[in-house]
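Notes to accompany the following structure.
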Amino acid sequence: MNLTSADAGISNAGTSSERPAPRARRSAKSRPDGDAPQAPVISTSPLAAPLIPAGVATITHLTEKLAEYMAEADLKKVKEAYRFSDEMHLGQVRKSGEPYISHPIAVAEICADWKLDAQAIMAALLHDVMEDQDVKKEELIERFGAPVAHLVDGLSKLEKIEFQSQIEAQAENFRKMLLAMASDVRVILIKLADRLHNMRTLDVMAPAKKQRIAGETMEVYVPIAHRLGLNNIYRELQDLSFSHLHPMRYTVLAKAVRAARGNRREVVGKILDSVKNTLGMAGIEAEVYGREKTLYGIYKKMRSKHLTFSQVLDVYGFRVVVDSFPNCYVALGTLHSLYKPMPGKFKDYIAIRKLNGYQSLHTTLIGPYGTPVEFQIRTQEMHRTAESGVAAHWLYKNSDANMTDMQQRTHAWLQSLLDIQQQTGDSAEFLEHVKVDLFPDSVYVFTPKSKIIAMPRGATPIDFAYAIHTGIGDHTVSVTINGEPAPLRSELRNGDIVEVVTDPDSRPSPSWLSFVRTGKARSAIRHHLRTINLPESINLGRQLLRQALSAISLSTELPETLIERLLNESSAKSLDELYADIGIGKRMAALVARHIFGLLGGESASVPVDHNSAADLDPVTIYGSEGVSVQLAPCCLPIPGDQIVGQLRRDQGLQVHTNDCSVAKRQREKEPERWIAVKWGAELNRRFDSRIRLLINNEKGILARVAAEIGESDGNITFVGMDEDKEHVLHQLRFTIQVKDRVHLAGLLRNVRKVAGVNRVARERA
139 MNLTSADAGI
149 SNAGTSSERP
159 APRARRSAKS
169 RPDGDAPQAP
179 VISTSPLAAP
189 LIPAGVATIT
199 HLTEKLAEYM
209 AEADLKKVKE
219 AYRFSDEMHL
229 GQVRKSGEPY
239 ISHPIAVAEI
249 CADWKLDAQA
259 IMAALLHDVM
269 EDQDVKKEEL
279 IERFGAPVAH
289 LVDGLSKLEK
299 IEFQSQIEAQ
309 AENFRKMLLA
319 MASDVRVILI
329 KLADRLHNMR
339 TLDVMAPAKK
349 QRIAGETMEV
359 YVPIAHRLGL
369 NNIYRELQDL
379 SFSHLHPMRY
389 TVLAKAVRAA
399 RGNRREVVGK
409 ILDSVKNTLG
419 MAGIEAEVYG
429 REKTLYGIYK
439 KMRSKHLTFS
449 QVLDVYGFRV
459 VVDSFPNCYV
469 ALGTLHSLYK
479 PMPGKFKDYI
489 AIRKLNGYQS
499 LHTTLIGPYG
509 TPVEFQIRTQ
519 EMHRTAESGV
529 AAHWLYKNSD
539 ANMTDMQQRT
549 HAWLQSLLDI
559 QQQTGDSAEF
569 LEHVKVDLFP
579 DSVYVFTPKS
589 KIIAMPRGAT
599 PIDFAYAIHT
609 GIGDHTVSVT
619 INGEPAPLRS
629 ELRNGDIVEV
639 VTDPDSRPSP
649 SWLSFVRTGK
659 ARSAIRHHLR
669 TINLPESINL
679 GRQLLRQALS
689 AISLSTELPE
699 TLIERLLNES
709 SAKSLDELYA
719 DIGIGKRMAA
729 LVARHIFGLL
739 GGESASVPVD
749 HNSAADLDPV
759 TIYGSEGVSV
769 QLAPCCLPIP
779 GDQIVGQLRR
789 DQGLQVHTND
799 CSVAKRQREK
809 EPERWIAVKW
819 GAELNRRFDS
829 RIRLLINNEK
839 GILARVAAEI
849 GESDGNITFV
859 GMDEDKEHVL
869 HQLRFTIQVK
879 DRVHLAGLLR
889 NVRKVAGVNR
899 VARERA
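Residue 139 is where the sequence shown starts when you use our numbering, and the numbers rise one by one after that.
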């Protein structure tokens with residue numbers, strides 16, 4: 139039985155007397171991912187033309203697709219979900235004028251193409267009823283069961299929560315969706331189908347909204363589709379986003395591709411015939427067909443490699459799908475005998491598959507007219523996985539080992555989302571970490587036991603350590619790459635063998651945040667800074683807020699009623715949490731102080747802000763032994779007695795520089811609001827690193843004499859380096875030494891200057 143809105147007694151303009159009126163609906167809200175449901179426009183004039191085109195939405199096509207693989211009992215449940223959704227969206231239309239129910243039907247049809255189960259199809263039909271019609275989750279559980287209700291809930295937006303900004307609201311929506319996906323991957327499959335249909339029908343939106351939705355799609359949904367191996371949707375979303383982000387470029391490029399396609403048809407045909415004949419003579423059964431590049435793929439290549447349109451179009455793409463795994467390599471050898479391979483252009487993604495389970499052999503050959511020709515060689519099973527990714531689990535249910543491995547890889551990534559969520563402070567930070575992991579490029583490195591670990595391009599040994607286990611990452615002290623000691627910030631390359639050395643007493647360093655690449659590593663390090671060093675961060679945040687309050691002449695003692703309002707509006711659970719956020723640089727003390735000023739009845743915009751008056755404020759006291767929340771900048775290595783200034787770095791705490799540090803001066807111009815007044819404490823019971831540079835004669839025993847004098851001056855050497863001049867007459871010695879303060883360093887320099895053979899000695903500055 140095929141159902142339509144008309145079958146159910148529903149017209150496009152309103153309710154029918156044959157069925158009860160739907161529940162009262164709230165007013166439609168603007169939604170970031172597509173059309174807001176629109177109330178139908180009905181003219182009061184009998185002569186006026188209707189503003190909404192007449193029409194009905196039918197599920198005939200959907201039921202035909204479902205009948206191919208779904209049992210009759212399941213099909214009946216799907217039709218029941220349709221009736222309920224149709225009733226809930228009764229009288230609503232999209233901006234295009236179509237009945238709103240046409241959108242859930244289209245989303246369900248895309249899911250049916252993947253042969254998703256009945257629960258997923260039902261959720262696709264119902265995915266907007268909670269958000270748009272105030273249908274409660276409990277009602278969905280009662281009508282359609284808990285699994286369907288959980289899927290719909292994971293797809294619904296958080297409309298009832300008040301967010302400080304649109305960005306925060308979007309971040310929370312993505313967080314909820316991704317976490318729901320981690321427990322059930324069908325959530326993201328339905329969401330991608332929803333986004334795909336919205337992108338296909340985006341033309342009716344205002345230009346500004348089209349740009350925003352297309353940008354969001356390119357930034358978040360395209361990488362997710364790629365990460366899950368949904369290459370068909372990945373490519374279509376890319377092209378659709380490109381067409382709305384750069385409509386003129388898209389139009390020009392599309393016209394050029396249409397013109398070029400005819401001109402190159404003869405070349406493509408000749409290559410196809412040659413490849414088919416050669417493979418046939420070798421006894422290989424294969425499907426061979428041309429692979430047309432997407433417009434966005436052409437555009438991206440033109441931009442990244444500074445190529446002209448004709449140069450990009452000269453790289454043809456062909457796909458060879460063979461009947462068995464061994465024949466992939468036999469076909470490769472056959473093609474290499476037909477056309478000459480280009481050096482360095484062969485990649486074996488069968489032996490080492492990509493993160494999303496993709497497998498193929500890639501090679502580039504020199505074609506009949508000296509043209510580079512790209513070939514992908516794979517089996518039918520590999521082709522299904524390459525096109526449908528994680529959805530292949532529903533499309534082709536079998537016990538194929540490749541499918542099982544791909545599902546395991548997807549599950550591992552989804553589980554990492556839960557790990558990141560547990561360590562992340564808020565939604566925006568969670569989304570930031572997840573985005574980092576959604577880049578398609580990857581490198582493959584090995585553990586000492588030859589296990590392959592796939593990492594994002596640009597990953598470091600610290601990322602590698604956290605990928606193995608959070609405990610290993612937290613306690614990493616050093617690393618060897620291919621048997622050689624290497625810096626922790628080294629960039630890993632394909633084939634590297636990485637061995638991590640740990641120490642149970644070691645802890646993550648805030649400096650790691652400046653070079654780690656993966657979201658898991660970044661979230662784990664930030665979690666450590668927030669929790670392990672919580673008392674220290676709280677104390678620093680308290681000092682910073684008091685300083686900021688004093689700067690605008692407010693009392694540092696806050697009344698209880700004000701604290702309660704402040705916590706409610708800042709989403710902090712306690713005053714200590716607010717202090718900790720300030721201490722690690724997540725919140726700016728000056729902005730919190732201005733907010734307090736507003737809560738007291740003032741206008742925050744009227745608060746005088748002078749970023750150059752830090753020296754006039756009550757400085758934060760520095761003792762140099764605070765731990766990771768307060769660090770002495772490695773560029774200038776301040777010591778007691780130096781004039782110092784503090785930089786509050788985002789999520790990394792306070793870093794102390796000397797006033798004349800050149801690095802600090804450059805950064806202060808960019809973010810003046812992050813610099814605060816600091817001073818040395820009275821009791822400093824530790825030594826501080828300082829760098830000195832000496833110009834010495836090239837003579838026997840000079841290094842020993844200098845080192846002995848440093849020791850006699852109560853200095854401790856932690857590093858020695860030497861630079862030799864071209865004439866081999868003078869040498870430059872560089873020391874890192876530990877001293878008590880500036881007076882101690884001055885005395886040491888005077889003593890070293892008297893050593894025979896020393897021409898010059900000075901403190902090394904940034």
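Heads up, the beta-carbon is just placed ideally off N, CA and C, and yes, glycines get one too.
I'd like to confirm the pairing. Which residues does DSSP put opposite Phe857 in its beta bridges?
Thr874
Which one or two residues does DSSP pair with Leu584 in a beta bridge?
Correcting the residue type first, residue 584 is Phe in the shown sequence and not Leu. Beta-bridge pairing links Phe584 to Ile590 and Ile635.
With respect to the alpha helix (DSSP H) encompassing Lys348, which residues constitute its N-terminal and C-terminal limits?
Pro345 to Glu354
With a CB to CB cut of under 6 Å and the five nearest residues on each side skipped, what residues in its chain are close to His227?
Tyr238 and Ile239
Please classify Glu519: is it buried, with 16 or more other beta-carbons within 10 angstroms of its beta-carbon, or exposed?
buried
Could you tell me how far apart the beta carbons of Ile328 and Ala256 are, in whole angstroms, since I believe they sit closer than 8 Å?
Actually they are not in contact, since the Cβ atoms of Ile328 and Ala256 sit about 13 Å apart, beyond 8 Å.
Counting only the same chain and skipping the five closest in sequence on each side, list residues whose C-beta sits under 7 Å from that of Thr796.
Cys774, Pro776, Asp780, Gln781 and Ile782
Given a cut-off of 8 Å, decide if Leu626 and Val583 are closer than it, judged by their beta-carbon atoms.
no
Pairwise C-alpha distance: Arg441 and Ile875:
49 Å
Under 8 Å between the Cβ atoms of Ala728 and Thr656?
no
Considering only residues of the same chain and omitting the five flanking positions on each side of Tyr604, which have a CB-CB separation below 6 Å?
Gly611, Lys658, Ala659 and Ala662
Cα-Cα separation between Gln198 and His241, rounded to whole angstroms
Reading the sequence as shown, one finds Thr at residue 198 and not Gln. Computed Cα separation, rounded: 14 Å.
If His613 and Pro648 are in contact, beta carbons under 8 Å, what's the gap, nearest whole angstrom?
About 16 Å; that fails the 8 Å criterion.
Proximal residues to Arg431 (C-beta, below 7 Å), its chain only, five neighbours per side dropped:
Here residue 431 turns out to be Lys, not Arg, going by the sequence shown. Same-chain partners within the cutoff: Gly455.
Given Ser909 as reference, the closest of Phe484, Lys817 and Ile422 once Cα atoms are compared
Outside the shown range of the chain (139 to 904) lies residue 909, about which nothing can therefore be said.
For the alpha helix (DSSP H) holding Gly911, just list the boundary residues, first then last.
Any property of residue 911 remains undetermined from this structure, which presents the chain solely from 139 to 904.
Contact test: Trp813 Cβ vs the ligand ATP heavy atom, cutoff 7 Å
Although the ligand ATP was asked about, the structure shown includes no ligands whatsoever.
Run through the DSSP bridge pairs and tell me what Gln793 is partnered with.
Gln769 and Gln785
Among Trp252, Leu254, Gly283 and Asp270, which one has its Cα closest to the Cα of Glu218?
Gly283
Enclosing beta strand (DSSP E) for Asn677 [first to last residue]:
Unbroken run through Asn677 is the alpha helix (DSSP H), Leu672 to Ala689; no beta strand (DSSP E).
Tell me whether Glu374 sits in a helix, a strand or coil according to DSSP, three-state version.
helix
Nearest-angstrom Cα distance between Gln685 and Pro586?
51 Å
Give, in chain order, every unbroken run of the alpha helix (DSSP H) that is at least 4 residues long and sits entirely within the stretch 190–234.
198–205 and 210–226
Give the secondary structure of His733 by DSSP, where H, G and I count as helix, E and B as strand, and everything else as coil.
helix
Mark Ser507 as exposed unless 16 or more other C-beta atoms lie within 10 angstroms of its C-beta, in which case mark it buried.
The amino acid occupying residue 507 in the given sequence is Tyr; Ser does not appear at that position. That one is exposed.
Whole-number beta carbon distance between Gly895 and Ile834, since they are thought to touch under 8 Å:
5 Å
Between the C-alpha atoms of Arg806 and Trp813, what's the straight-line distance to the nearest angstrom?
7 Å
Tell me whether the beta-carbon of Gly721 lies closer than 8 Å to the beta-carbon of Leu678.
yes
Take Ile635 and list the residues in its own chain whose beta-carbon comes closer than 6 Å to its own, dropping the five residues that flank it on each side.
Phe584 and Asn620
Indicate the three-state DSSP secondary structure (helix, strand or coil) for Trp252 in the structure shown.
coil
Would you tell me roughly how many angstroms separate the C-alpha atoms of Val342 and Ser712, rounded to the nearest one?
46 Å
Which of helix, strand or coil does DSSP assign to His500?
strand
Using the Cα positions of Gly435 and Pro673, report the straight-line distance between them to the nearest angstrom.
51 Å
Which residue or residues does DSSP assign as beta-bridge partners of Thr608?
Answer by DSSP bridge pairing: none, since Thr608 is not bridged.
Residue span of the alpha helix (DSSP H) that contains Lys438, given as start and end:
Leu433 to Lys443
Please state whether DSSP places Arg843 in a helix, a strand or coil.
helix
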